[in-house]
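S.K.:
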Amino acid sequence: MPRPSRWMIRCSFVYLFLGILMGAMMLIHKAYFIHSAIWMLLPIHIEVTIFGWIIQLTLGTAYYMLPRFLEGPSRGDSRLAYVMIASLNLGIIFVIADSLLSFALPFDLIGRIFELTAVGLFVKLHWNRITTYRTS
Amino acid sequence: MPFVSRTFVKAGMVYFVLSLIAGLLLEIDAVSLPALMPLFWHMLMVGWITQIIFGVSIWMFPGRNREEGFVNQKWGWLTLILLNSGLVLRLIAEPALGYSEAQIWSVLLVGSAVLQVAGGTTYLIEMWPRIMSKKQQRKKRKRRRES
Numbered sequence: 007m008p009r010p011s012r013w014m015i016r017c018s019f020v021y022l023f024l025g026i027l028m029g030a031m032m033l034i035h036k037a038y039f040i041h042s043a044i045w046m047l048l049p050i051h052i053e054v055t056i057f058g059w060i061i062q063l064t065l066g067t068a069y070y071m072l073p074r075f076l077e078g079p080s081r082g083d084s085r086l087a088y089v090m091i092a093s094l095n096l097g098i099i100f101v102i103a104d105s106l107l108s109f110a111l112p113f114d115l116i117g118r119i120f121e122l123t124a125v126g127l128f129v130k131l132h133w134n135r136i137t138t139y140r141t142s
Numbered sequence: 272m273p274f275v276s277r278t279f280v281k282a283g284m285v286y287f288v289l290s291l292i293a294g295l296l297l298e299i300d301a302v303s304l305p306a307l308m309p310l311f312w313h314m315l316m317v318g319w320i321t322q323i324i325f326g327v328s329i330w331m332f333p334g335r336n337r338e339e340g341f342v343n344q345k346w347g348w349l350t351l352i353l354l355n356s357g358l359v360l361r362l363i364a365e366p367a368l369g370y371s372e373a374q375i376w377s378v379l380l381v382g383s384a385v386l387q388v389a390g391g392t393t394y395l396i397e398m399w400p401r402i403m404s405k406k407q408q409r410k411k412r413k414r415r416r417e418s
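Rendered as structure tokens:
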């Protein structure tokens, strides 16, 4: 398993655990009152589980499993893969920060731009890997 | 495909159908069930998507123990049991809490939360050490052969 995939999959595992913990806290709050601010966790729970866990795991696994190039670097320019990882995770952090605190800058918008950049890089890295090795 | 993965995928398919039935009910104005919206989303995202990811990753990621049986696949089986019992408890307790204030539903809901956290934890115990490079994989195989 290449290093960018290992990083993405491990990050996704961390987000999975955080997402489950937040979900569990909100579920317990439905049964026994914990704190009125607990529902602030809902948008973070959604962001963490969808982008942090599901999307990050699928991108990391695709980078590992999709057909590789027969010539040159087998998975393309690995520097782009690291930028993709940084961009996706910065995006998630910015969106979460916007849910928690109020900033003068639109952190949610900046976060979504980072996430879009990551997805764009993912498409660029993988487009030509969607192929078959068969010649006929 | 190991038995535990097959069970994950089949359980996931059941939740997929149930979630779409819940989605259908949400669109019918005459039907009003408590907590239907969160149940729809959790059957879809936990019951179906997360569960199919768990099943397929346990099968496809490197470093799998190819021996069948509960002991050899204990973390996978524990994940399946804990996650599904947690989800089923939620499907029962959350709507019930909307109808009745009996203490039992609150306790079951807390139980559901604890079981799902435990299920996520056992999955990570199984999978975290399996995220490794080819070199680490070769070393692990060599160590296994030597012992």
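The listed protein sequences derive, respectively, from chains C and S. So the first sequence is numbered by our numbering: it starts at 7 and just counts up by one. So the second sequence is numbered by our numbering: it starts at 272 and just counts up by one. Every residue, glycine too, gets a C-beta built ideally from N, C-alpha and C.
Looking at I52 (chain C): is its Cβ nearer than 8 Å to the Cβ of I320 (chain S)?
M.R.: no
S.K.: Does the segment 32-50 of chain C come close enough to the segment 368-385 of chain S to have 3 or more Cβ pairs within less than 8 Å?
M.R.: yes
S.K.: Could you work out which residue in S:I324, S:V388, S:L289 is closest to M276 (chain S) when comparing CA atoms only?
M.R.: Here residue 276 (chain S) turns out to be Ser, not Met, going by the sequence shown. Comparing Cα positions, the closest option is S:I324.
S.K.: Establish whether the CB of T55 (chain C) and some CB of chain S are separated by less than 8 Å.
M.R.: yes
S.K.: F23 (chain C) versus chain S: which residues are under 9 Å apart at the beta carbon?
M.R.: In chain order: V388, G391, T392, L395.
S.K.: If you run the structure through DSSP and keep just helix, strand and coil, what is A306 (chain S)?
M.R.: coil
S.K.: Threshold first: 3 residues or longer. Then list the beta strand (DSSP E) segments lying entirely within the segment 313-360 of chain S, N to C.
M.R.: Segments of the beta strand (DSSP E) lying fully in the segment 313-360 of chain S: there are none.
S.K.: Is any beta-carbon of chain S found at less than 8 Å from that of R47 (chain C)?
M.R.: The question names Arg, but residue 47 (chain C) is Leu in the sequence shown. Not an interface residue.
S.K.: Out of C:S80, C:V54, C:L107, which one is the CA nearest neighbour of L27 (chain C)?
M.R.: C:V54
S.K.: Cα-Cα, which of S:L296, S:P305, S:W330 is closest to L362 (chain S)?
M.R.: S:P305
S.K.: Just to make sure I have the definition right: I need the residues of chain B whose C-beta is within less than 8 Å of the C-beta of W399 (chain S). Which are they?
M.R.: Of the chains in the structure shown, none is chain B; the protein chains are C and S.
S.K.: Which residues in the same chain have their Cβ closer than 8 Å to the Cβ of I99 (chain C), if we skip the five residues on either side of it in sequence?
M.R.: G117
S.K.: Check whether the segment 74-85 of chain C touches the segment 103-123 of chain C, counting contact only when three or more Cβ pairs, one atom from each stretch, lie closer than 8 Å.
M.R.: no
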